[in-house]
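Number of protein chains: 2
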Amino acid sequence: MSPPDTKQRILDAAEHLFATDGYHATSLRCITHAAMVNLAAVNYHFGSKEALLEAVIVRRLTPLNEMRLGQLEALLQRSEQSRQVPSCREVLRTFVEPTLRQRQNGSEKGDFVTLIGRTLAEPRGIAMTIFMRHMDPLMIRLYQALSLALPGLSQQLLFWRIHFAVGSLSHIMRCHERHSLVPEDVRIDLPVDELVELFLDFAVAGMEAAG
Amino acid sequence: MSPPDTKQRILDAAEHLFATDGYHATSLRCITHAAMVNLAAVNYHFGSKEALLEAVIVRRLTPLNEMRLGQLEALLQRSEQSRQVPSCREVLRTFVEPTLRQRQNGSEKGDFVTLIGRTLAEPRGIAMTIFMRHMDPLMIRLYQALSLALPGLSQQLLFWRIHFAVGSLSHIMRCHERHSLVPEDVRIDLPVDELVELFLDFAVAGMEAAG
DNA sequence: ACGATATTAAAACGAGTGTTTAAAACAAAT
DNA sequence: ATTTGTTTTAAACACTCGTTTTAATATCGT
Numbered sequence: 001m002s003p004p005d006t007k008q009r010i011l012d013a014a015e016h017l018f019a020t021d022g023y024h025a026t027s028l029r030c031i032t033h034a035a036m037v038n039l040a041a042v043n044y045h046f047g048s049k050e051a052l053l054e055a056v057i058v059r060r061l062t063p064l065n066e067m068r069l070g071q072l073e074a075l076l077q078r079s080e081q082s083r084q085v086p087s088c089r090e091v092l093r094t095f096v097e098p099t100l101r102q103r104q105n106g107s108e109k110g111d112f113v114t115l116i117g118r119t120l121a122e123p124r125g126i127a128m129t130i131f132m133r134h135m136d137p138l139m140i141r142l143y144q145a146l147s148l149a150l151p152g153l154s155q156q157l158l159f160w161r162i163h164f165a166v167g168s169l170s171h172i173m174r175c176h177e178r179h180s181l182v183p184e185d186v187r188i189d190l191p192v193d194e195l196v197e198l199f200l201d202f203a204v205a206g207m208e209a210a211g
Numbered sequence: 212m213s214p215p216d217t218k219q220r221i222l223d224a225a226e227h228l229f230a231t232d233g234y235h236a237t238s239l240r241c242i243t244h245a246a247m248v249n250l251a252a253v254n255y256h257f258g259s260k261e262a263l264l265e266a267v268i269v270r271r272l273t274p275l276n277e278m279r280l281g282q283l284e285a286l287l288q289r290s291e292q293s294r295q296v297p298s299c300r301e302v303l304r305t306f307v308e309p310t311l312r313q314r315q316n317g318s319e320k321g322d323f324v325t326l327i328g329r330t331l332a333e334p335r336g337i338a339m340t341i342f343m344r345h346m347d348p349l350m351i352r353l354y355q356a357l358s359l360a361l362p363g364l365s366q367q368l369l370f371w372r373i374h375f376a377v378g379s380l381s382h383i384m385r386c387h388e389r390h391s392l393v394p395e396d397v398r399i400d401l402p403v404d405e406l407v408e409l410f411l412d413f414a415v416a417g418m419e420a421a422g
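This is the structure in structure tokens:
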């Protein structure tokens with residue numbers, strides 16, 4: 001009942017609306033109405049619409065990246081102790097699995113994954129610069145790990161294949177609705193673990209393909 | 212000099228701006244200014260901003276789809292005559308190669324590919340419904356061809372892997388700029404044919420992976 | 001040359017945008 | 001109970017948006 005959940009309510013509403021309609025197509029009036037707060041609350045608590053977007057992204061991306069980085073470092077440490085190179089599949093899983101797991105934890109977090117998927121799709125958008133600031137260190141580490149796992153690949157090849165895999169993943173992240181091209185007998189709402197393995201089958205084969 | 216290139220100029224300017232800034236972030240005043248025509252010209256010639264978007268998409272998508280469909284039908288006919296199943300790589304190439312070839316034919320057509328890539332990334336956007344109207348028949352045919360090329364895959368698996376591959380491709384289509392995550396010694400502007408084969412190496416391996 | 005039609009031009013329309021202001025309501029501390 | 005600082009509210013701000021209107025201009029068939 002205590003009302004200082006205003007910020008939270010704004011964040012929740014903004015997350016949902018940014019994800020479904022996009023940043024530019026969502027007005028502050030829409031957000032504040034959905035959050036049942038006053039219009040000026042956004043500028044009071046966050047400063048601007050753009051700063052609100054950053055807050056929306058950071059709130060979930062920070063813990064998500066910590067989890068991804070933690071799993072990756074743990075894997076690298078294990079592989080160092082056993083003096084074995086980590087497998088491409090294991091490395092990718094540390095990145096993919098925490099991501100897709102968020103997608104079906106209730107509706108809120110799913111909205112966030114969709115939002116990030118859309119962000120990745122707007123190269124020159126506002127959200128992209130925000131996103132980059134918080135992704136750089138993790139991506140660099142992912143690069144190193146994949147370079148270890150796939151010693152046969154040139155840096156050029158490695159880059160392009162990561163590029164392809166990221167494209168696939170971001171596509172899954174934002175497109176999880178039935179549309180006319182989906183055969184009727186195909187389940188669109190797979191359990192996370194199944195989807196993760198399905199994706200890894202595809203991505204790992206692509207990464208390890210002969211060049 | 213004769214000015215009835217007004218429609219063309221609007222289409223060109225809109226294509227470029229929609230591709231770089233997105234539909235909602237682009238105003239008609241921006242477009243008409245870039246096209247050096249009067250503001251009212253858009254509504255006069257196209258009816259509305261949304262109809263303009265459709266015109267922009269249709270102008271290039273129609274011939275592109277004709278080319279893709281033509282190459283695919285030709286391949287299927289050849290394979291029927293030789294009583295051999297078409298290879299996954301050949302099938303995918305009929306779809307991918309005409310697409311990526313447009314990307315570097317001067318700047319205009321590249322803008323279009325970027326726009327389509329962004330369209331694919333906004334599931335519930337206006338552009339998506341427009342896009343779907345013109346893609347359905349081709350996609351159905353692609354499904355059939357890939358089903359032929361990969362008889363070992365269940366329909367479920369086939370759907371998901373096409374989903375992944377489409378994600379990869381749309382990512383390439385819209386992201387062709389250097390950003391902080393691209394290693395300095397990696398060429399981002401590969402020749403089309405190289406990029407096509409690079410992508411096919413990845414996608415075909417993914418499609419054909421053991422499940 | 002004239003009249004019908006198609007196109008351009010400038011201006012205004014009403015609605016919606018993000019943001020700011022100034023007063024009101026609230027909270028906690030002295 | 002009064003003061004302090006924080007939060008909420010309603011109203012207004014200055015713009016920009018897509019679209020429409022009305023008049024001027026160009027184009028073309030006869």
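Protein chains in written order, with my numbering: chain A, 1 to 211; chain B, 212 to 422.
Don't be surprised by glycine CBs; every beta carbon is placed ideally from N, CA and C.
Here the structure is a predicted model, which is why all the values come from computation and not from measurement.
Starting from residue i, follow the alpha helix (DSSP H) in both directions and report where the run begins and ends.
i: P137(A); result: I126 to A149
i: S168(A); result: Q155 to R174
i: V277(A); result: Shown here, chain A extends from 1 to 211; a query on residue 277(A) therefore has no answer.
i: Q219(B); result: T217 to D232
i: E184(A); result: Segment: none, E184(A) is in no alpha helix (DSSP H) and carries neither H nor E.
i: G206(A); result: V192 to E208
Assuming residue i and residue j form a contact by the criterion Cβ under 8 Å, report the distance between their Cβ atoms to the nearest whole angstrom.
i: A25(A); j: V56(A); result: Wrong, their Cβ atoms sit about 15 Å apart, outside the cutoff.
i: R289(B); j: T305(B); result: Actually they are not in contact, since the Cβ atoms of R289(B) and T305(B) sit about 11 Å apart, beyond 8 Å.
i: V113(A); j: F370(B); result: With 8 Å as the limit, V113(A) and F370(B) do not qualify as a contact, their Cβ atoms being about 20 Å apart.
i: T119(A); j: G125(A); result: 7 Å
i: L286(B); j: P297(B); result: 5 Å
i: C299(B); j: L361(B); result: 6 Å
i: L115(A); j: A19(A); result: 4 Å
i: H171(A); j: V269(B); result: That pair is no contact at about 24 Å.
i: A35(A); j: R9(A); result: 4 Å
i: L146(A); j: N65(A); result: In fact, because the Cβ distance is near 17 Å, the residues do not count as touching under 8 Å.
i: S293(B); j: D136(A); result: Not really, about 51 Å apart at Cβ, beyond 8 Å.
Quick check: is the beta carbon of residue i nearer than 7 Å to any beta carbon in chain A?
i: V302(B); result: no
i: H235(B); result: yes
i: Q355(B); result: no
i: D400(B); result: no
i: C314(B); result: According to the sequence as given, residue 314(B) is Arg; it is not Cys. No, because no Cβ of chain A sits closer than 7 Å to the Cβ of R314(B).
i: G417(B); result: yes
i: G363(B); result: no
i: G321(B); result: no
i: M247(B); result: no
i: F342(B); result: no
i: F375(B); result: yes
i: M350(B); result: yes
Is residue i close to chain B? Criterion is C-beta to C-beta, closer than 7 Å.
i: W173(A); result: The sequence shown places Met at residue 173(A), not Trp. No, because no Cβ of chain B sits closer than 7 Å to the Cβ of M173(A).
i: S168(A); result: yes
i: L181(A); result: yes
i: R161(A); result: yes
i: M1(A); result: Its pLDDT being 33, under 50, M1(A) is placed unreliably by the model, and nothing is read from it.
i: F95(A); result: no
i: D201(A); result: yes
i: V85(A); result: no
i: V186(A); result: yes
i: L198(A); result: yes
i: A121(A); result: yes
i: A209(A); result: yes
Assign residue i to one of two classes, buried (16 or more other C-beta atoms within 10 Å of its C-beta) or exposed (fewer than that).
i: P98(A); result: buried
i: D12(A); result: buried
i: M384(B); result: buried
i: Y23(A); result: buried
i: T243(B); result: buried
i: I140(A); result: exposed
i: M207(A); result: buried
i: D412(B); result: buried
i: A414(B); result: buried
i: Q424(B); result: For residue 424(B) there is no data in the structure shown, the boundaries of chain B being 212 and 422.
i: S168(A); result: buried
i: E284(B); result: exposed
i: A205(A); result: buried
i: A210(A); result: exposed
Are there any heavy atoms of the ligand ADP lying less than 6 Å away from the beta-carbon of residue i, as far as the coordinates show?
i: E66(A); result: With respect to the ligand ADP, the structure shown offers nothing to examine, as it has no ligands at all.
Length-filtered (4 minimum) alpha helix (DSSP H) runs lying within the stretch 19 to 89 of chain A: 28 to 35, 41 to 45 and 49 to 81
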